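*Asks:* Structure in C-alpha cells, see below.
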Amino acid sequence: QTCALPISSYSDWLAWVLERLEQSAAFEVLGLDPPRNSEHAGKCGVRRESQLGPRYIDLLIYFDGVPGYVVGVEVKTYDEQYSKQKDYLKSLKSRYGKDMPCVLIAIDEDIVKDQLCGFRLRPWRKVTFALRKKIAEYANRQAEGNRIVTAMMLGFVAAAEQNLLEISLAAPRRVWNDEPTLIPEDLIPYLRGDK
Numbered sequence: 002q003t004c005a006l007p008i009s010s011y012s013d014w015l016a017w018v019l020e021r022l023e024q025s026a027a028f029e030v031l032g033l034d035p036p037r038n039s040e041h042a043g044k045c046g047v048r049r050e051s052q053l054g055p056r057y058i059d060l061l062i063y064f065d066g067v068p069g070y071v072v073g074v075e076v077k078t079y080d081e082q083y084s085k086q087k088d089y090l091k092s093l094k095s096r097y098g099k100d101m102p103c104v105l106i107a108i109d110e111d112i113v114k115d116q117l118c119g120f121r122l123r124p125w126r127k128v129t130f131a132l133r134k135k136i137a138e139y140a141n142r143q144a145e146g147n148r149i150v151t152a153m154m155l156g157f158v159a160a161a162e163q164n165l166l167e168i169s170l171a172a173p174r175r176v177w178n179d180e181p182t183l184i185p186e187d188l189i190p191y192l193r194g195d196k
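Quick note on numbering: the sequence shown equals residues 2 to 196 in the numbering used here.
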C-alpha cells in the first residue's frame, strides 16, 4: 500500500529540489531553453503560491543572474481543471513580458492544446526522468558532501513515480534482473540506469 503525498507537497518538494540543484537543472527539468547561457543564469530561486489576481500559481522560478526573467509553473497531480491558467498567463505576461515561459506539469501526456491555455505541457514522467539525471550529477559533484540531501531528493522522485506514475516498487528490481515487467517500454532503460 502506498502513502500519497498531499497535493501541495509535490509543489513544495519540487521547489526544494530545484533550489538545491545547479542552475541549469530547472531548465532541463521543465524542458525549457534558457534565456541565455544557463551557466550564467545564476542561482535558482522558487517562490511558492505567488498571488496572481484572486488566485495563486504554484511556482515562480527566478534566477539571480537574469533580472526580470521568471518561469511560471502550475503543478497538477489528479486535478484536470486547466481554465485558471488563462488568467495566470495574462497576469504573468503583463508583469514579466510576453516572452515569459509558463509550464504545466501534469500526469496526462495528451492534454489538448486549447486546454493548456498558453502553458507548455511537461509530463511528470519527463520531470522525474530529468530529476534523476540532475540529482545523479549533484551527487557526483558533492561526493561525500551531503548524502542526506541526495536521499531526500531521490525520495521525492520515487514518491512521484510510485504515486503519480504508478511505477511499482518491484519494477526496478525486475527490470534490473531482466525479469518480465509490465511497464511502458521506454521506462526500461531509465529504470536500468542506462545512459
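A virtual CB, placed ideally from N, CA and C, is assigned to each residue, including glycine. All figures in this text were calculated on a predicted structure; none of them were measured in a lab.
Please return the same chain residues whose Cβ sits closer than 6 Å to the Cβ of Q116, not counting the five positions on each side in sequence.
*Replies:* Y83
*Asks:* Determine the DSSP secondary structure at L165, reduced to helix, strand or coil.
*Replies:* coil
*Asks:* Which residue spans inside the stretch 75-121 form an unbroken beta strand (DSSP E) run of at least 3?
*Replies:* 103-107
*Asks:* Only counting the same chain, and skipping five residues up and downstream in sequence, which positions put a Cβ closer than 7 Å to that of F157?
*Replies:* W14 and V18
*Asks:* Which whole-angstrom value is the C-beta distance of C103 and L90, which I expect to be below 8 Å?
*Replies:* Correct: roughly 6 Å between the Cβ atoms.
*Asks:* Which word fits K99, buried or exposed, when buried means at least 16 other C-beta atoms lie within 10 angstroms of its C-beta?
*Replies:* Burial call: exposed.
*Asks:* Tell me which residue opens and which closes the alpha helix (DSSP H) that V47 is part of.
*Replies:* Segment C45 to L53 is the beta strand (DSSP E) holding V47; no alpha helix (DSSP H) there.
*Asks:* With a Cβ-Cβ cutoff of 9 Å, do L53 and A16 count as a contact?
*Replies:* no
*Asks:* Quick check on V67: does DSSP put it in helix, strand or coil?
*Replies:* coil
*Asks:* When you compare the CB positions of K77 and I108, do they come within less than 9 Å of one another, or not?
*Replies:* yes
*Asks:* What does V72 pair with, by DSSP beta-bridge criteria?
*Replies:* I62
*Asks:* Among E110, E81, C118 and I112, whose alpha-carbon lies nearest the alpha-carbon of L93?
*Replies:* C118
*Asks:* Taking the straight line between their C-alpha atoms, what separation do you get for F120 and R148?
*Replies:* 35 Å
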